[in-house]
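Chains as they are written, first to last, in this note's numbering: chain A, 111 to 531; chain B, 111 to 531.
Working notes, beginning with the structure itself.
2 protein chains.
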Amino acid sequence: MDVYLLLIGDEILLGQVVDTNSAWLGQQLSLHGYRVVGKMAVPDARADILEALDLAARRARIVITTGGLGPTKDDITRGALAEYFNSELAFHQETYERIAAYFARIGKPLPESARMQATLPEKATLLPNKVGSAPGMWFERDGKVLVSLPGVPFEMQYLMTEEVLPRLRQHFPGKPLAHRTLRTAGEGESTIAKRLETFEETLPAHIRLAYLPSLGQVRLRLSGIWPHADVPPEADERLRAEVEAYADQLRALLPDLIFGVEDETLEQVVGRLLQERGLMFGSAESCTGGYVAHLITSVPGSSSYFSGSVIAYSNELKMKLLGVRDETLTHFGAVSEETVREMVAGALDALEVDVALSVSGIAGPAGGTPEKPIGTVWLAVGDRTRIVAQKHVFARDRIKNIQLSAIFGLNMVRKFLLNAL
Amino acid sequence: MDVYLLLIGDEILLGQVVDTNSAWLGQQLSLHGYRVVGKMAVPDARADILEALDLAARRARIVITTGGLGPTKDDITRGALAEYFNSELAFHQETYERIAAYFARIGKPLPESARMQATLPEKATLLPNKVGSAPGMWFERDGKVLVSLPGVPFEMQYLMTEEVLPRLRQHFPGKPLAHRTLRTAGEGESTIAKRLETFEETLPAHIRLAYLPSLGQVRLRLSGIWPHADVPPEADERLRAEVEAYADQLRALLPDLIFGVEDETLEQVVGRLLQERGLMFGSAESCTGGYVAHLITSVPGSSSYFSGSVIAYSNELKMKLLGVRDETLTHFGAVSEETVREMVAGALDALEVDVALSVSGIAGPAGGTPEKPIGTVWLAVGDRTRIVAQKHVFARDRIKNIQLSAIFGLNMVRKFLLNAL
Chain A
111 MDVYLLLIGD EILLGQVVDT NSAWLGQQLS LHGYRVVGKM AVPDARADIL
161 EALDLAARRA RIVITTGGLG PTKDDITRGA LAEYFNSELA FHQETYERIA
211 AYFARIGKPL PESARMQATL PEKATLLPNK VGSAPGMWFE RDGKVLVSLP
261 GVPFEMQYLM TEEVLPRLRQ HFPGKPLAHR TLRTAGEGES TIAKRLETFE
311 ETLPAHIRLA YLPSLGQVRL RLSGIWPHAD VPPEADERLR AEVEAYADQL
361 RALLPDLIFG VEDETLEQVV GRLLQERGLM FGSAESCTGG YVAHLITSVP
411 GSSSYFSGSV IAYSNELKMK LLGVRDETLT HFGAVSEETV REMVAGALDA
461 LEVDVALSVS GIAGPAGGTP EKPIGTVWLA VGDRTRIVAQ KHVFARDRIK
511 NIQLSAIFGL NMVRKFLLNA L
Chain B
111 MDVYLLLIGD EILLGQVVDT NSAWLGQQLS LHGYRVVGKM AVPDARADIL
161 EALDLAARRA RIVITTGGLG PTKDDITRGA LAEYFNSELA FHQETYERIA
211 AYFARIGKPL PESARMQATL PEKATLLPNK VGSAPGMWFE RDGKVLVSLP
261 GVPFEMQYLM TEEVLPRLRQ HFPGKPLAHR TLRTAGEGES TIAKRLETFE
311 ETLPAHIRLA YLPSLGQVRL RLSGIWPHAD VPPEADERLR AEVEAYADQL
361 RALLPDLIFG VEDETLEQVV GRLLQERGLM FGSAESCTGG YVAHLITSVP
411 GSSSYFSGSV IAYSNELKMK LLGVRDETLT HFGAVSEETV REMVAGALDA
461 LEVDVALSVS GIAGPAGGTP EKPIGTVWLA VGDRTRIVAQ KHVFARDRIK
511 NIQLSAIFGL NMVRKFLLNA L
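Here it is in structure tokens:
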């Protein structure tokens, strides 16, 4: 089933905002068996919107528009939609009260524009927006569906997930689909693809494997679509079971790389493992400059397993706060196995934690040498009985070297906690 | 002069990549006096590309396409462009050699696909790509211009800046333009707009002020366009001087908010101020969990003014590492003026730095109370003679509360160094 996306708003054309909505929509729709066949961005101008609605409806049976529903004068989508569907605009008391209740909840005065936001095409089925003011709208005509959503990403995502996708599935019932995403860290796409060559050959045609890489991580997405014309009542369940069986095969093939499923992050998984074991964690960071601590503390509730960190950028602080010995720094340098081992031991004492991670490296752009080029990073993780150190050479730009160091470091903590390091 | 953008590639429609190119293009083009009137994304399919080229050329005199020039089979833009311009595809030896030299430079073997990438429409003026393999292409027909660029952001940006914008300016000579962007931190768009009401009324019609907000920061962009029909030789210079005079007025009106110009970040400015004064800096962080240290150390060369930080998430570490007194925590709580003041004093000693920033707050989603709701943050900055503390209630989600705390904290450091706090 084809979908056309229509992005409404001058701010997108002027480049004042980066359009993240259509990537999210493209992903979600394809996960649910719909295919985005095109998208178009138009300014906040009645004629452009009407022309684009016509074009989009010729291309696809489902049209989704985002943006142009806000309270400012620029937003004329409501009027254009009313004209397009030969519908009157009418004041909608229930929506007005919902908007008023929303502003009361966030403790802000109800703006005058709320009346305008509650004035909507009569032919629209309204999709209540619990996380913002403008409701979504659902229109049907000639066997086609048009959905109008606000442009604010989390409001759009809420309405898509809670209202639009379930209705689309009901309106255009398709074949059963099943997905499972496994998350890996520590190897690139090509290395993983090599290890999965045989696995991929055994995959039946109706099960697909997609590689979705990001910095230091690759998501592996298995997608299954029901392979036969007849769809028995238990098809959903059987397909899901089949996809899960292949996911288990992947887990067995990549036990060292797979850390989680779906939207779980590495820092969440590390946090969960620490919490389950009742362990307190801390970091001793040089080149990552607090980025490990930032990732850990970006997870709600992290205070139950994170005590704190020492960011020791200078050698003086490595000695003073982490007890790294002067001779170690002199003989082996700050970026060395010996230093990161002493940093872990020092962090366990200074932070009074059960497990500590240390990082010392050359983030760049300056500081590289022939023996220790830019991107050289030593990492160590340990507790009071055991410390494990690893060296990596990331050889990327400063920010990426910092991020990769933190990702690889967290993955070391994960493996250490699982006794797999 | 109107521009239409055409994004080519399945990956954009499937949501596998977020389209950052069109925001960048929208900004750059509008800075140079061009206006993006629409954009469209199409799959890697000949018919779709041809239809979109037609539509785009009807809408604007300049069409810019991105994507579809890579080495994989999916990329059929070259063929579609040849067909659209009734041109033959021909092997282009010079381009082939350029691609070969590029791969030699990055130390990778020349792929077979290089021949395909060097097979191009004969009617194209080739735009040499020094930072990648696929060249850009420039076509002219019926007084209109079509430019085809690769989709890789830094290659696209290189070709736009070095080749396309200068050619466009020559091809469609426009009036002189001048811009100046001033960066502010610490107040929202509406507060700034109120303070600039009178200023905006005095602006002549040919000088415009745009507000470009992001989290905790607003960029103010002044744009001037030469106001008369005759353009004397010194027009560029006079217009630039006029825009700079208004920028100076803005600086005088918002001395507390403006921290830099153009692409300067707050952490770069703080770093520069520290370096100029020969001061060493460190942070004592609770709720920001290392994010302040991360921002500071994301700037190359920060080791010359940043010694380190103590991330004291637990009260025990606030006492042990920063010398915060037990009674202070008991009487006033960890999120209090008294605590952040003691954290600064403790950080100056523990980190042996000249200036320190401390942060303690409730990032959420848990931990709020009626007296100290989620988002309540105390910040303090100081040296050995003076400590200044401030309270803010950001009331956003966890990540935004963390980011806003760090931005406001860095801005306090900046003002402290300028004796403006």
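In this text, a Cβ means the ideal position worked out from N, Cα and C, and glycines have one as well.
* Ignoring anything shorter than 4 residues or poking outside the stretch 213 to 261 of chain B, list the alpha helix (DSSP H) runs there in chain order. => 224 to 227
Self-check item: Host alpha helix (DSSP H) of Arg-168 of chain A (start-end)
Solution: By one-based count along the first sequence, residue 168 of chain A stands at place 58. Note, Arg-168 of chain A: alpha helix (DSSP H), 156 to 169.
Quiz item: With DSSP run on the structure shown, which of helix, strand or coil describes Lys-430 of chain A?
Solution: Taking the first sequence and counting its residues from 1, one reaches residue 430 of chain A at position 320. Helix.
Worksheet item: Which first and last residues belong to the beta strand (DSSP E) in which Leu-287 of chain B is found?
Response: The count along the second sequence starts at 1 and reaches residue 287 of chain B at position 177. Unbroken beta strand (DSSP E) run through Leu-287 of chain B: 287 to 295.
* To do: Examine the ligand COA and report whether any of its heavy atoms sits within less than 7 Å of the Cβ of Ser-417 of chain A.
  => No copy of the ligand COA appears in this structure; indeed no ligand is present at all.
Run the CB neighbour count on Thr-175 of chain B, radius 10 Å, all protein chains shown included, and call it buried at 16 or more, exposed below.
On the second sequence, position 65 is the one that residue 175 of chain B refers to. Buried, since its Cβ has 16 or more Cβ neighbours within 10 Å.
- Mind listing the chain A neighbours of Met-266 of chain B? Cutoff is C-beta to C-beta under 8 Å, in chain order. Counting from one through the second sequence, the residue named residue 266 of chain B turns up at place 156. Per Cβ cutoff of 8 Å: no residues; Met-266 of chain B is ~13 Å from chain A at best.
Check your understanding: How would you list, in chain order, the residues of chain B whose beta-carbon sits under 7 Å from the beta-carbon of Pro-126 of chain A?
Key -> The sequence position of residue 126 of chain A within the first sequence is 16, counting from 1. One point to set straight first is that residue 126 of chain A is Gln, not Pro, in the sequence displayed. Those within 7 Å of Gln-126 of chain A in chain B are Leu-322.
Measure the C-alpha to C-alpha separation of Gly-527 of chain A and Leu-427 of chain B and round it to an integer number of angstroms. Taking the first residue of the first sequence as position 1, residue 527 of chain A is located at position 417. Taking the first residue of the second sequence as position 1, residue 427 of chain B is located at position 317. Inspection of the sequence shows that residue 527 of chain A is occupied by Leu rather than by Gly. Distance between the alpha carbons of Leu-527 of chain A and Leu-427 of chain B: 23 Å.
Residue ranges of each beta strand (DSSP E) run of no fewer than 3 residues wholly in the stretch 355 to 386 of chain B, ordered along the chain?
368 to 371
- Can you give me, in chain order, the residues of the stretch 149 to 167 of chain A that have a beta carbon less than 9 Å from any beta carbon in chain B? Lys-149, Met-150, Ala-151, Val-152, Pro-153, Asp-158, Ala-162, Leu-165
Practice problem: Closer than 7 Å by C-beta to Phe-264 of chain A: which residues in its own chain qualify, once you throw out the five before and the five after it? Chain order, please. | Solution: Here residue 264 of chain A refers to the residue found at position 154 when the first sequence is read from its first residue. Closer than 7 Å at Cβ, skipping near neighbours: Val-241.
Where Tyr-114 of chain B falls: helix, strand or coil (DSSP)
Residue 114 of chain B sits at position 4 when you count from the first residue of the second sequence. DSSP places Tyr-114 of chain B in strand when its eight states are reduced to three.
Would Glu-476 of chain A pass as an interface residue toward chain B - the criterion being a Cβ-Cβ separation below 8 Å?
Position 366 of the first sequence, counted from the start, is the residue given in the question as residue 476 of chain A. The identity of residue 476 of chain A in the sequence shown is Ala, whereas the question assumes Glu. Answer yes: the Cβ-Cβ gap between Ala-476 of chain A and chain B drops below 8 Å somewhere.
Do you know offhand how far Asn-529 of chain A's Cα is from Leu-364 of chain A's? One-based indexing of the first sequence puts residue 529 of chain A at position 419. One-based indexing of the first sequence puts residue 364 of chain A at position 254. Between Asn-529 of chain A and Leu-364 of chain A, the C-alpha separation is close to 16 Å.
Practice task
Would you mind telling me which residues of chain A sit closer than 7 Å to Trp-134 of chain B, beta carbon to beta carbon, in chain order?
Solution key: The sequence position of residue 134 of chain B within the second sequence is 24, counting from 1. Simply Gly-125.
query: If contact means a Cβ-Cβ distance below 7 Å, which residues of the stretch 311 to 335 of chain B contact chain A?
result: Leu-322
Does DSSP put Leu-276 of chain A in a helix, in a strand, or in coil? For the purposes of this step, residue 276 of chain A is identified with residue 166 of the first sequence, where counting begins at 1. The residue you asked about is not Leu; residue 276 of chain A is Pro in the sequence shown. Residue state, collapsed to three classes: helix.
Practice task
Return the first residue and the last residue of the alpha helix (DSSP H) that Gly-147 of chain B is part of.
Solution key: The residue labelled residue 147 of chain B in the question sits at position 37 within the second sequence. Reading the sequence as shown, one finds Val at residue 147 of chain B and not Gly. Run containing Val-147 of chain B: none in the alpha helix (DSSP H); it sits in the beta strand (DSSP E), 145 to 152.
Q | For Leu-507 of chain B, the nearest candidate out of A:Gln-126, A:Lys-304, A:Pro-410 (CA to CA) | A | Taking the second sequence and counting its residues from 1, one reaches residue 507 of chain B at position 397. Residue identity differs from the one stated: residue 507 of chain B is Asp in this sequence, not Leu. Distances from the alpha-carbon of Asp-507 of chain B to those of A:Gln-126, A:Lys-304, A:Pro-410 put A:Pro-410 closest.
Q.
8 Å is my cut-off, CB to CB: does Arg-508 of chain A come that close to chain B?
A. In the first sequence, the residue the question calls residue 508 of chain A occupies position 398. Taking Cβ atoms only, chain B reaches closer than 8 Å to Arg-508 of chain A, which makes this a yes.
When we look at the beta-carbon of Arg-494 of chain A and count the other beta-carbons within 10 Å, is it buried (16 or more) or exposed?
-> To locate residue 494 of chain A, count along the first sequence from 1; it is residue 384. With fewer than 16 Cβ atoms within 10 Å of its Cβ, Arg-494 of chain A is classed as exposed.
Requested in this report: Could you tell me whether the Cβ of Gly-519 of chain A comes closer than 8 Å to any Cβ of chain B?
Outcome: Start at 1 with the first residue of the first sequence, and residue 519 of chain A comes out as number 409. Judged by the 8 Å Cβ criterion, Gly-519 of chain A is not in contact with chain B.
Near Phe-195 of chain B, what residues of its chain come up, given a Cβ to Cβ distance below 7 Å and the 5 sequence neighbours on each side ignored? Position 85 of the second sequence, counted from the start, is the residue given in the question as residue 195 of chain B. Excluding sequence neighbours, Phe-195 of chain B sits near Pro-231, Lys-233, Phe-249, Arg-251.
For this session: Say whether the stretch 451 to 464 of chain B touches the stretch 488 to 502 of chain B, bearing in mind that this needs 3 or more beta-carbon pairs closer than 8 Å, one atom from each stretch.
Result: yes
Check: Gln-378 of chain B: which of B:Ser-243, B:Leu-489, B:Ser-408, B:Glu-222 sits nearest, CA to CA?
Finding: Start at 1 with the first residue of the second sequence, and residue 378 of chain B comes out as number 268. That would be B:Ser-408, whose Cα lies nearest to the Cα of Gln-378 of chain B.
Report the start-end ranges of each alpha helix (DSSP H) in the stretch 291 to 339 of chain B that is 4 residues or longer and not cut off at the edges. 299 to 305, 307 to 312
>> For Ser-393 of chain B, report the span of its beta strand (DSSP E) as first-last.
In response: Translated into positions along the second sequence, residue 393 of chain B becomes position 283. In the DSSP assignment, Ser-393 of chain B falls within the unbroken beta strand (DSSP E) covering 391 to 395.
Check: What does Val-146 of chain B reach in chain A if we use C-beta pairs closer than 8 Å?
Finding: The residue you call residue 146 of chain B lines up with position 36 of the second sequence. The answer, in chain order, is Leu-123, Leu-124, Gly-125.
Cβ pair count under 8 Å reaching 3, the stretch 185 to 199 of chain B against the stretch 157 to 166 of chain B | yes
- When you check each C-beta in the stretch 405 to 420 of chain A against every C-beta of chain B, which residues fall closer than 8 Å? Ile-406, Thr-407, Ser-408, Pro-410, Gly-411, Ser-412, Ser-413, Phe-416, Ser-417, Gly-418, Ser-419, Val-420
Using a Cβ cut-off of 8 Å (strictly closer), state whether Ala-460 of chain B contacts chain A. Here residue 460 of chain B refers to the residue found at position 350 when the second sequence is read from its first residue. Answer yes: the Cβ-Cβ gap between Ala-460 of chain B and chain A drops below 8 Å somewhere.
Tell me, which residues are paired with Gln-500 of chain B by DSSP?
-> As a position in the second sequence, residue 500 of chain B is number 390, starting the count at 1. For Gln-500 of chain B, which the question treats as bridged, DSSP gives the partners B:Leu-489.
- Task: In the DSSP assignment, find the beta strand (DSSP E) that holds Ser-412 of chain B and state where it starts and stops.
- Result: The residue you call residue 412 of chain B lines up with position 302 of the second sequence. Judged by DSSP secondary structure, Ser-412 of chain B falls outside any beta strand (DSSP E); it is assigned neither H nor E.
Residue-chain proximity (Thr-449 of chain B, chain A), Cβ-Cβ < 8 Å: Within the second sequence, the letter at position 339 stands for residue 449 of chain B. Answer no: the Cβ-Cβ gap between Thr-449 of chain B and chain A never drops below 8 Å.
Quick one: list the residues of chain A neighbouring Asp-129 of chain B, beta-carbon separation under 8 Å, in chain order.
Walking along the second sequence from the start, residue 129 of chain B turns up at place 19. Within chain A, the residues near Asp-129 of chain B are Val-128, Asp-129, Ser-132, Ala-133.
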